[in-house]
Amino acid sequence: MKRFLKNYWPLVCLGIICIAVGLYVARAVRDLPDEAILEQALFKDGIRLKEVHYSQGDLGSNVKWKLDAEEVKLSQDKKTVSFRQFHLLVEPKGRPKVQLKGDKGTYSRQTGLVNMWGNLRVESENGYRAASQHIVFDEKNGLLSTEDPVQISGPFFTLTGKGLFVDLKREIFKIHSDVTTIVARELLSS
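Counted the way the numbering used here counts, the sequence shown spans residues 7 to 196.
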């Protein structure tokens, strides 16, 4: 027996591994849910995913982005994506990175609108921050807007107001009403 194991030990090990893999596969197949139940779960409310990490950015693209979310749901018609407890990292080529955190959001593939709600916090790599309860991003036109109160701060200023409009392509920035601006004292004295 000793001589047999000495000569054929690789085949014996391979046999043991095959048996272990076979048992694992048999157990996994036995534990699969019924297809009918799975189909109902997928098609009743669309597809629901938990703990999602998604990246997008082509080599020729000027913007790369990463989305981490506690839950992502794709509608049955695959035209609407909703997400909860999200962290979005946007990396534009040649510009500072921007992080966005919030409670929930939806993205419509038809309109290109991203609606985000709940304790939204935006922070750029170069020290600028913004906060609001609701922001709409028009992906097709490069527009960012809200009618809710906003607070924006940078290295030398703080702005608060109600309503916001940003045209990212033309670099236009407007706060609609109730604007309060605070500028750092060091800048005023120089």
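Think of the CB as a built atom: it goes at the ideal place given N, C-alpha and C, for glycine as much as any other residue.
Residue i, DSSP secondary structure in three states
i: Arg176; result: coil
i: Arg191; result: helix
CB contact flag (residue i, residue j, <8 Å)
i: Thr186; j: Gly167; result: yes
i: Ser138; j: Val120; result: no
i: Tyr60; j: Leu73; result: yes
i: Ser151; j: Leu170; result: yes
i: Leu165; j: Ile158; result: yes
i: Val87; j: Tyr113; result: yes
i: Arg115; j: Lys85; result: yes
Buried versus exposed call for residue i [16 or more other C-beta atoms within 10 Å across all chains shown]
i: Leu55; result: exposed
i: Thr117; result: exposed
i: Ala136; result: buried
i: Phe179; result: exposed
i: Leu44; result: Confidence is the limiting factor: at Leu44 the pLDDT is only 46, short of 50, which leaves the residue's position unreliable and the question unanswerable from this model.
i: Val58; result: exposed
i: Val69; result: exposed
i: Phe162; result: exposed
i: Ala108; result: Looking at the sequence itself, residue 108 is Gly, so the reference to Ala does not match. Classification for Gly108: buried.
i: Asn125; result: exposed
i: Val198; result: In the structure displayed, the chain extends from 7 to 196; residue 198 sits before or after that span and is not available.
i: Ile181; result: buried
Length of the line joining the Cα atoms of residue i and residue j
i: Gly111; j: Glu76; result: 12 Å
i: Val78; j: Arg191; result: 45 Å
i: Val142; j: Trp123; result: 9 Å
i: Tyr134; j: Asp83; result: 38 Å
i: Lys146; j: Asp173; result: 11 Å
i: Ser103; j: Gln62; result: Per the sequence shown, the amino acid found at residue 103 is Lys instead of Ser. So the alpha carbons of these two residues sit roughly 15 Å apart.
i: Lys175; j: Gln91; result: 28 Å
i: Val153; j: His140; result: According to the sequence shown, residue 153 is Glu rather than Val. One C-alpha to the other measures close to 8 Å.
i: Asn240; j: Phe89; result: The chain is shown from 7 up to 196; residue 240 falls before or after that span and cannot be answered.
For residue i: DSSP bridge partner residues
i: Gly2; result: In the structure as shown, the chain starts at 7 and stops at 196, and residue 2 therefore has no counterpart that could be examined.
i: Lys110; result: Arg90, Trp123
i: Thr117; result: DSSP lists no partner for Thr117.
i: Ile181; result: Leu170
i: Ile25; result: Partner(s): none; Ile25 has no beta bridge.
8 Å Cβ cutoff, residue i in contact with chain C
i: Thr166; result: Going by chain labels, chain C is absent from the structure shown, which holds only one protein chain.
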